[in-house]
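Chemist: Next up is a structure, given as structure tokens.
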Amino acid sequence: MMKTYLLSLEEDGLLEDSDGDIVDNEEYTEGLDNIVDELEQLQVNEKKSRGREDRVREGRARGNRARKDRAGGNGARGHQSKGGRNNTALNKTEISAQLPVPPDFVPLEHNLPYHRSYVKLPLAFPDRNITPYGLIRLFFSQTILNTIVTNTNKYAQLKNAGTIGRDWTNLTLNELKTWLGIVIYMGVIKLSRVVDYWSTDFKFSKHNIMQEMSLLYWYGKVEPLASHIKKISQQIYIPGSQVSIDEMIIRFSGCSGHTFRIKNKPTPEGYKIMSLCEKGYTYAFTFESRIKINNKIPNIFGLNKTGSLVSYLVTQLPYN
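Listed below in structure tokens is the structure:
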């Protein structure tokens, strides 16, 4: 093909190139043979490359057929184990025939011009007075807060709050604002547990906002009665130098994750209270739980949990 394309033989033994110039037969033929050899080698390499690609495609096709056969076999065995019959899956043509015809799509035309977003604050809210508190007040206005307080107290009255269970005092506007502030604060400052915000452990940062509202512990149903009893006990009695710290068990055999079971005790099961006593008089005490950590007890560097508990109770003794 290449020789036919480039040369035409003449009767006088000379060759004529593509431009019509007469060249020497032997000299031109030698150069032409080299070109033809290179083209033939390129054709051989191209055939080898196509052969490799064909083998790769054939291998992939065999792998796909094998996977389909295995999938079909598993499906057949599954159907045989359930109903004893081999149900074949619908092919793509049958599935397409069962699908509804898609409706005609009419794109929505946007006739209005596009515009940029912007902030639209009230006229009585100049830029120089924008504060986080001011922005929050846009959502929680004085009227909304008063409505929440009123409805909360009405709901408590409807449920006879205070007559059954723990004591109840009507919610005030300042208490509601404090609670909202704590909720927002928890959303900004992330801790793993809610009780960690009230922790006095030196490992945690001190969150002053939490001092505005106490944490309700698991024994909250006996508060504020328990704290009141402890306060009066410390006001009317000054213990001597011979004091002891030990555990007390309040009998309880119901279902609770906070109770302890201690064998060979007069009261083997119930709630555990660690107490500082003298001659049968309880001067200070704190509640213990099997599943909750008492965050009122600070962890003291160099002391274990029991040592920190003893230190917490001893520091409640009068210094004089």
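Read left to right, the sequence shown gives residues 1 to 320 (my numbering).
We put the CB at the ideal spot given by N, CA and C, even for glycine.
1. Could you compute how far the alpha carbon of S49 sits from the alpha carbon of A61?
2. Express the C-alpha separation of I229 and T167 in angstroms, rounding to a whole number.
3. Where does E223 fall in DSSP's three states?
4. Run through DSSP, which three-state label would I291 get?
5. Three or more beta-carbon pairs under 8 angstroms between the region 274-289 and the region 229-238, yes or no?
6. Under 7 angstroms Cβ to Cβ from P318, same chain only, skipping five residues before and after it: list those, please.
7. For the structure I just gave you, are there three or more beta carbon pairs, one from the region 255-262 and one from the region 305-312, closer than 8 angstroms?
8. Distance check for R137 and K131, CA to CA, integer angstroms please.
9. Verify whether the separation of the beta carbon atoms of N295 and S205 is less than 7 angstroms.
10. Report the three-state DSSP secondary structure of S199 (helix, strand or coil).
11. Can you give the Cα-Cα distance for I249 and F285, rounded to whole angstroms?
12. Going by C-alpha distance, which of L39, N208 and Y271 is nearest S253?
13. Mind checking whether I297 and F287 have CB atoms under 7 angstroms apart?
14. Between the alpha carbons of A124 and S141, how many angstroms are there, rounded?
15. Assuming contact is defined by CB atoms lying nearer than 7 angstroms, are N153 and L180 in contact in what I supplied?
16. DSSP three-state call for T143: helix, strand or coil?
Modeler: Let's see:
1. 18 angstroms
2. Checking the sequence, you will find Asp at residue 167 rather than Thr. Taking the straight line joining both Cα atoms gives about 15 angstroms.
3. coil
4. coil
5. yes
6. I238
7. no
8. It should be noted that the sequence gives Thr, not Lys, for residue 131. Going from the Cα of T131 to the Cα of R137 covers about 10 angstroms.
9. no
10. coil
11. 12 angstroms
12. Y271
13. no
14. 14 angstroms
15. no
16. helix
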